[in-house]
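Down below is the structure, laid out as structure tokens.
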Amino acid sequence: MPTTTVLSENGASGVSSLDMASLLLCAYELGDFINQSAEVADYLYWKEAVHEDEQVKQLSKQFEKAKELFLECERFGRFHPNYHEAKDKVKQIQRELDQIEAVKRFKEAEQLVDTMLYDVSRMIAESVSDTIKVPGNEGKTGGCGGGGSCSCGSGGCG
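Position 93 of the sequence shown, counted from 1, bears residue number 93 in UniProt numbering, the numbering being contiguous throughout.
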């Protein structure tokens, strides 16, 4: 796709609005291709399966209560008398959630979609420059699904 460079009043160059519109159309088309992929279909299937699973619902409620208790204990750190007990309870419930087939399959499908999106992002970035940085989720730890707000090291169930 050819690019038209235009100079603004202050002499800075930029991409014309026609090229930006074309770029946005291509981005939406790429998004449609991704949304129609087998990986996304599998992800959506298992996401719904997790959402509908009664055992997951029950354990998720227990998990939220345990997480709240842990967050309260965490305010005082490991010196809180119930800190380790609360942390262990969160980990135990997370392990139980992780043993449910729908949760396992959902996490696998989620990882495949994440990898696909990273690969697409990397290809786009490298088509611009070999040295451009592409953010990824390697090493990401969510901890109770709380965005890393606790130190329990679990990843949440999605």
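Even for Gly, the Cβ is constructed at its ideal location relative to N, Cα and C.
- Where Lys133 is concerned, there is no enclosing alpha helix (DSSP H), because DSSP gives it neither an H nor an E.
- Look at His80 here: in three-state DSSP terms it is coil, with no helix or strand label.
- Uninterrupted alpha helix (DSSP H) stretches at least 4 residues long and entirely within the stretch 81 to 124 occur at 83 to 98, given in chain order.
- Annotation: Ser129 is outside any alpha helix (DSSP H) and is labelled neither H nor E by DSSP.
- Assignment of Gln62 by DSSP, reduced to helix, strand and coil, places it in the helix class.
- For Tyr43, same chain residues with a beta-carbon under 8 Å away, outside a window of 5 residues either side, are Phe106, Ala109, Glu110, Leu112 and Val113 in chain order.
- When the beta-carbon positions are compared, Leu69 and Leu97 stay at least 8 Å from each other.
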